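So the sequences go chain by chain: S and H.
The first sequence begins at 1 in this note's numbering and counts up one residue at a time.
The second sequence begins at 1 in this note's numbering and counts up one residue at a time.
Reading through the structure tokens given below for one structure.
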Amino acid sequence: MSTPRIIDAHLHLDPNSKFYTPEPQLKHLLKLMDRLSIRHAVCTDHLSMYEGAGEGLRNLKSVYEESGGRVYYLGVYHPGRAAACMKTIEEAVLWPGFAGLKIHPSFHGISADAPVYDPVWKFASEHDLAILTHSWSVSDYNPAQTLSTPGKFERYIDKYRNVRLVLAHAGGRGNGRHEVIRLINQYENVYTDIAGDIFCYRLIESLTGSISPDKILFGSDFPWLDPRANLARVMLTDMDNSSREKILRENALKVYKIGK
Amino acid sequence: MCEQRARKLSDDYRERAVQLNIFDCSIWLGSPEGFPLAREMLFKKLEKEMSDFFITGGLISHWLGKTLSAQAGNRDLEEKAGMFPENMYGIWTGLPFYPSPSGPGPVPGKGRPHRSMRGVRIFPASHNYVPEEWVIGTLCEWLIRYNLPLFIWHTEINWPSLHRLAVCYPSLTIIVETQTKKILYHARMLFTLMRECSNILVETSNFSGQGYIEYVVKEFGAERLIFGSFMPVNDPLVPTGMIIDADIEEKDKLLIASGSIKRIIEEVHL
């Protein structure tokens with residue numbers, strides 16, 4: 001395999017007992033990254049997803065150091081614990097490896113267009129940070145996904161035009177994808193990643209045919225999913241190699257301002 | 001320079017995908033249900049679609065067998081069987097043998113299975129019955145008689161029933177399919193079931209948990225994994241990528257991609 005250059009722009013660390021993962025720890029991740037020519041990753045941890053930025057974020061600072069600067073991390077803003085999160089994030093913005101912010105309206109149970117998200121957008125705007133957010137389609141078996149449909153972010157996308165927003169999972173497996181495409185084509189500051197089990201038929205073709213390849217990031221959602229599932233889709237889908245390079249690496253460098 | 005590197009990586013993946021000689025047990029005709037962005041794959045485009053994804057043969061199923069009736073899906077497969085490309089066969093939809101279902105399809109006392117049939121899939125949840133021995137026992141015995149494998153989506157059955165079925169019919173090959181939702185939250189039950197019952201195999205279209213391929217190969221053997229794409233709903237490149245980069249021996253990759261299922265269907269005697 002050639003020199004590692006790929007960037008996995010969306011993953012998580014540590015076990016989550018909702019499912020079985022044989023190897024969820026940092027050492028396993030690094031071994032897998034080496035095998036797949038992945039140079040850098042951008043991660044959050046499961047503790048931070050539950051509690052917001054706090055102890056989990058401090059652990060991720062160590063992860064960055066232990067990984068030799070390969071695994072960058074995001075600060076999770078939990079709108080139910082806004083003040084505590086912002087306090088930690090204000091400290092963390094100066095830490096080595098801190099690469100941006102993460103929100104998850106479905107998981108935290110508060111709609112993406114709620115006023116309580118304004119502080120994190122304002123902070124991102126003032127500090128030239130990217131925000132990675134969960135996004136999905138309306139789901140008949142998971143009603144909480146309604147809180148993260150792409151259109152719900154438009155209020156803030158429009159208000160904070162200098163904040164780079166990554167709508168994760170390409171808007172999910174349903175009509176959220178159409179909203180993602182519309183927002184990306186309408187706003188310069190909107191991007192998407194292909195993390196997760198959005199295994200839709202010819203998805204990569206659909207995205208590269210509808211939006212600029214400058215707006216798509218490779219991501220895995222490790223350890224929920226194996227990076228190999230999505231990596232091969234980028235490698236094997238017909239596209240010019242300039243686009244492939246952007247999706248696998250260049251766009252993540254630009255959005256998260258990492259790897260310099 | 002960067003583009004050259006991307007091209008080299010992509011070419012390498014392509015070469016390895018071709019070498020797998022993929023035989024796909026989950027190719028679907030008809031209108032998909034429950035996937036708003038999925039479109040029907042027309043039969044006349046089947047070979048082109050397969051070729052695009054390095055698939056050299058496989059087993060064809062029909063959505064009507066689930067969404068409307070077993071008979072409607074089987075009738076369509078029966079009509080098209082004569083036009084199947086080389087190296088293609090059908091998975092027909094089955095129902096309990098009592099009260100006796102009408103054909104076409106697996107029907108007791110109505111002669112041998114159709115010549116294209118290499119497996120039977122049941123949809124207990126959608127078709128409103130329980131997959132227990134007292135309901136589908138005679139169907140299972142019929143499948144064993146012809147060495148036909150039983151295919152079943154994990155979303156169509158509950159795990160205790162599946163365990164009882166596998167224990168009750170140890171000579172019945174049961175291929176648990178990872179649709180229509182990923183097998184992730186069920187992995188503890190699945191792996192325990194695979195440990196308990198050697199007749200349980202897993203289809204790979206949505207078997208994408210971190211390290212799952214390596215885990216199964218190490219714990220149970222590569223012959224327990226069967227390549228499936230679930231096209232044209234899912235992207236065949238997902239299960240392909242899971243094999244290409246798996247940290248397992250090349251011979252095991254070939255078993256998963258095609259060897260295991262080919263052996264199973266070669267042993268079907270009609």
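C-beta: ideal position from N, C-alpha, C; glycine also.
As the structure is a prediction and not an experimental result, all values here were calculated from the model.
Every candidate alpha helix (DSSP H) stretch fails here, since none sits fully inside the segment 82-135 of chain H while reaching 4 residues.
Residue pairing from DSSP places Gly57(H) in a beta bridge opposite Phe23(H). Below the 8 Å Cβ cutoff, chain S contributes Arg228 and Ala232 as neighbours of Ile244(H), in chain order. Taken in chain order, the whole beta strand (DSSP E) runs of length 3 or more contained in the segment 59-86 of chain S are 71-76.
Using a Cβ distance threshold of 8 Å, Met235(S) and Tyr212(H) do not count as a contacting pair.
Partner residues in the beta bridge of Lys102(S), as assigned by DSSP, are Val76(S) and Leu132(S). Looking only at Ala252(S), Leu57(S), Val120(S) and Cys43(S), the smallest Cα-Cα distance to Pro24(S) is reached by Cys43(S).
Any Cβ of chain S closer than 8 Å to the Cβ of Arg224(H) would place that residue at the interface, and such an atom is absent. Look at Tyr141(S) here: in three-state DSSP terms it is coil, with no helix or strand label. Along the segment 166-197 of chain S, the positions whose C-beta sits under 8 Å from a C-beta of chain H are Arg173, Gly174, Asn175, Arg177 and Asp197, read in chain order.
Within chain H, the residues placing a beta-carbon under 7 Å from that of Arg244(S) are Ala6 and Ser10, ordered along the chain. Around the beta-carbon of Val18(H), fewer than 16 other beta-carbon atoms lie within 10 Å, marking it exposed. Using a 10 angstroms sphere on the CB of Asp128(S), the tally of other CB atoms stays under 16, which defines it as exposed. For Ile243(H), the enclosing alpha helix (DSSP H) has its first and last residue at Leu237 to Ile244.
Counted as a single uninterrupted DSSP element, the beta strand (DSSP E) harbouring Val166(S) occupies residues Arg164 to Leu167. In the structure shown, Ile152(H) adopts extended strand secondary structure according to DSSP, grouped into three states. Nearest Cα to Leu150(H) within the set His269(H), Asp11(H) and Arg121(H): Arg121(H). His163(H): not part of any beta strand (DSSP E); member of the alpha helix (DSSP H) spanning Trp159 to Cys168, first to last residue.
8 Å or more divides the Cβ of Leu32(S) from the Cβ of Leu13(S). Glu133(H) and Met86(S) have their alpha carbons spaced roughly 58 Å apart.
Thr237(S) has a beta carbon lying within less than 8 Å of a beta carbon in chain H.
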